[in-house]
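Undergrad: The structure is given below, and queries will be raised subsequently.
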Amino acid sequence: MELSPSGRETPTALRSRLLIPALLALAAGIGGFALGLTHDDTVTALGALLFLPSAALLFGIVAKRHGVGPFRRSSRRSD
182 MELSPSGRET PTALRSRLLI PALLALAAGI GGFALGLTHD DTVTALGALL FLPSAALLFG
242 IVAKRHGVGP FRRSSRRSD
């Protein structure tokens, strides 16, 4: 069974070293937001949301490097 081009790219993207800080930033953002909400601390909840753009940026860098999702390389040539 042969994988499609996007199917081959995904396993290599999952081995990227940038996923570790991306996951940590995502966990810090979600965890801090939940902690702020449970302790009625608005500053902590809003401050934790600042980690989410960093996580999204790191996930986007990994996707672009490995051509996953909407960042897939097109086989069409432009003239």
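Okay, so the sequence shown: first residue is 182 according to our numbering, each after it adds one. We put the beta carbon where it would ideally sit given N, CA and C, even for glycine. Predicted model, so just to flag it, every value in this text is computed and none were measured.
Cutting at 7 Å between CB atoms, please list the residues of its own chain near PHE240, excluding the five before and the five after it.
TA: Cβ neighbours of PHE240 beyond the five flanking positions: ALA203.
Undergrad: Can you give the Cα-Cα distance for PHE232 and ASP222, rounded to whole angstroms?
TA: Going by the C-alpha atoms only, they are around 17 Å apart.
Undergrad: How should ALA208 be labelled, buried or exposed, when 16 other C-beta atoms within 10 angstroms of its C-beta is the threshold for buried?
TA: It counts as exposed.
Undergrad: Do you know how far the Cα of THR219 is from the Cα of GLY213?
TA: Going from the Cα of GLY213 to the Cα of THR219 covers about 10 Å.
Undergrad: Go ahead and pull the three-state DSSP assignment for VAL243.
TA: Helix at VAL243.
Undergrad: Does the distance from the C-beta atom of SER235 to that of ALA215 stay below 7 Å?
TA: No, they are not a contact pair.
Undergrad: Given 6 Å as the limit, tell me if LEU216 has its C-beta closer than that to any heavy atom belonging to the ligand ADP.
TA: Looking for the ligand ADP in the displayed structure turns up nothing, as the structure carries no ligands at all.
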